[in-house]
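>
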Amino acid sequence: MTQAIGEAAGKVWNALSGNGGATVAELARKTRLSRNVVERALGWLAREDKLVFDRARNVETVRLK
Numbered sequence: 064m065t066q067a068i069g070e071a072a073g074k075v076w077n078a079l080s081g082n083g084g085a086t087v088a089e090l091a092r093k094t095r096l097s098r099n100v101v102e103r104a105l106g107w108l109a110r111e112d113k114l115v116f117d118r119a120r121n122v123e124t125v126r127l128k
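Using our numbering, you'd call the opening residue of the sequence shown number 64 and step up by one each time.
(1) Using DSSP with H/G/I as helix, E/B as strand and the rest coil, what is Leu79?
(2) If you follow the beta strand (DSSP E) that Thr124 is in, where does it begin and where does it stop?
(3) Counting only the same chain and skipping the five closest in sequence on each side, list residues whose C-beta sits under 7 Å from that of Phe116.
(4) Which residue from Thr94, Ala78 and Thr65 puts its Cα closest to that of Leu114?
(5) When you compare the CB positions of Ala132 and Val101, do they come within less than 8 Å of one another, or not?
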């Protein structure tokens with residue numbers, strides 16, 4: 064399970080690196096991962112202090128630091 068989450072974190076990182084920011088739904092679409100797996104991958108990257116979370120008009124987006 065840990066390896067799968069790490070691999071998903073890599074896919075999410077790549078999706079964010081070519082983009083300014085994205086919602087969880089957008090990341091799920093871009094990476095073709097389930098929403099749950101994207102959320103786990105975001106947790107992994109957040110734990111490594113790699114992300115910034117923004118909220119505007121009730122929409123949360125995430126981007127790389």
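Quick reminder that beta carbons are idealized off the backbone N, C-alpha and C, glycines included.
On the basis of the coordinates in this document:
(1) Translated into positions along the sequence shown, residue 79 becomes position 16. Leu79: helix per DSSP, three-state reduction.
(2) The residue you call residue 124 lines up with position 61 of the sequence shown. Thr124 -> beta strand (DSSP E) spans Val122 to Leu127.
(3) Counted from its first residue, the sequence shown places residue 116 at position 53. For Phe116, where only same-chain residues beyond five positions count, the Cβ hits under 7 Å are Glu123 and Val125.
(4) The residue labelled residue 114 in the question sits at position 51 within the sequence shown. The shortest Cα separation from Leu114 among Thr94, Ala78 and Thr65 belongs to Ala78.
(5) In the structure displayed, the chain extends from 64 to 128; residue 132 sits before or after that span and is not available.
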